[in-house]
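Before any comments, here is the structure.
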Ligand SMILES: Nc1ncnc2c1ncn2[C@@H]1O[C@H](COP(=O)(O)OP(=O)(O)OP(=O)(O)O)[C@@H](O)[C@H]1O
Ligand SMILES: [Mg+2]
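Residue numbers (the working numbering): 14 to 326.
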């Protein structure tokens, strides 16, 4: 099993509110509410822990509402290397209606000072070398620039780590210049940063070639229920997930990323890597949360995944 570091620069407390139907401006009654310590890197860490890996989690946490995070890290046995910053970690509210529609209300995070950014760099200098890979996932907090993220990825690479990246917008645009090892945008995120259409396989393949030339070895493009296209140098695969009933798509992308990393670090075949990752992501959408509770269900989902080579069109 591998030792993996995940970085969540802008984590969140997720409050999921299930309700039959949202009536704006009215008093609404919720059937179920869950609060989770979350953020993309924290989510990826949990799925990787379910797969048996050892995790260190880091990034920035607001010191005024630490409890849910510290409880989770202790429960999961994560090494906690988060830098504490003044203020509260943001809250993200997800209103999940019974027809599957999700309304997100995302709070602002704390302002992260240059001193805190330097403290994180210093911490990573110490701890990064003990890890096999690092996942950098999610948005940037207030005060942190794309250039800083780019420099962070460059430094992590110099420290010998494979960097898997999942972010969007300006942060993704800047981070691509650092040449991470793996990226997992969805089609919209990739189209936005490359400023072109990337729905067709031929457009994706051209985009992937450009990204490979920038040193990005694995380009994993997800497209919701349609599945995922994985371009690595010299090979390209598509996976279609099995049809599942959707409880919530929260954590689908994070689960796919965790599954890809698991396969790549376990030296599974590319076909098996993509099959398992796609099944883990499908499993996430069948739940309000995500994660691998039931190995038998995962095995069954794996059998329903179709993997085929992508031929250029
Ligand atoms: N309805 C679905 N049924 C089965 N699998 C799904 C479904 N939706 C998503 N997935 C799986 O999850 C993967 C990631 O989903 P998606 O492309 O929506 O990621 P994302 O936009 O990054 O999501 P996130 O909001 O988690 O960041 C897909 O490639 C697919 O394998
Ligand atoms: Mg995503």
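Beta carbons are placed, not taken as given, at the ideal position from N, Cα and C, and that holds for glycine.
All values derive from a computational prediction rather than experimental measurement.
A straight line joining the alpha-carbon of residue 148 with that of residue 34 spans about 36 Å.
The beta-bridge partner set that DSSP reports for residue 275 is empty.
Its chain contains 70, 93 as the residues whose beta carbon lies nearer than 7 Å to that of residue 86, once the 5 sequence neighbours on both sides are disregarded; these appear in chain order. DSSP assignment within the region 249 to 293 yields the following whole alpha helix (DSSP H) runs of 4 residues or more, N-terminal first: 265 to 278. Considered as a whole, the region 108 to 140 harbours 127 to 140 as its complete alpha helix (DSSP H) runs of no fewer than 4 residues, in chain order.
Residue 47 sits in a strand when the DSSP states are folded into three classes.
Taking all protein chains in view, the Cβ of residue 155 is surrounded by fewer than 16 other Cβ atoms within 10 Å, so the residue is classified as exposed. Beta-bridge pairing by DSSP links residue 231 to 195, 245. Per the coordinates, the alpha-carbon of residue 212 lies some 10 Å from the alpha-carbon of residue 218. A Cβ-Cβ distance of about 5 Å is found for the pair residue 55 and residue 21, placing them in contact under the 8 Å criterion. Membership of residue 58 in any beta strand (DSSP E) is not indicated; the residue belongs instead to the alpha helix (DSSP H) covering 53 to 63. Around the beta carbon of residue 49, a 10 Å sphere encloses 16 or more other beta carbons of the protein chains shown; the residue is thus reported as buried. Buried is the label assigned to residue 267, since at least 16 other Cβ atoms lie within 10 Å of its Cβ. Taking all protein chains in view, the Cβ of residue 47 is surrounded by fewer than 16 other Cβ atoms within 10 Å, so the residue is classified as exposed. Closest in C-alpha terms to residue 18, from the list 262, 214, 139, comes 139. Below 8 Å, enough C-beta pairs join the region 229 to 239 and the region 189 to 208 to call them touching: three or more. Sequence-distant Cβ neighbours of residue 25 in its own chain, meaning closer than 8 Å and more than five residues away, are 51, 52, 102, 103, 104, 105, 119, 120, 122.
Contact between residue 289 and residue 276 holds: their C-beta atoms lie close to 6 Å from each other, under 8 Å. Inter-residue distance for residue 319 and residue 264 is about 21 Å (C-alpha atoms, whole angstroms). Annotation: residue 167 to residue 109 spans about 38 Å, alpha carbon to alpha carbon. For residue 229, the CB contacts under 8 Å within the same chain, skipping 5 residues up- and downstream, are 189, 192, 193, 194, 195, 196 in chain order. When DSSP reads this structure, residue 186 sits in no beta bridge, so it has no partner. Within its own chain, the residues whose Cβ lies closer than 6 Å to the Cβ of residue 152, once the five positions on either side in sequence are excluded, are 23, listed in chain order. Pairing residue 232 with residue 323 gives a Cβ-Cβ distance that is not under 8 Å.
In terms of Cβ geometry, residue 174 and residue 146 form a close pair [threshold 8 Å]. Closest by C-alpha distance to residue 294, out of 78, 187, 253, 67, is 253. Annotated as distal: residue 259 and residue 143, with beta-carbon spacing of 8 Å or more.
Cα atoms of residue 132 and residue 159: separation of roughly 18 Å, rounded to the nearest angstrom. Cβ contact annotation for residue 310 (same chain, cutoff 6 Å, sequence separation greater than five): none.
For residue 226, the uninterrupted alpha helix (DSSP H) run begins and ends at 214 to 226, by DSSP.
In the three-state scheme derived from DSSP, where H, G and I count as helix and E and B as strand, residue 39 is classed as coil.
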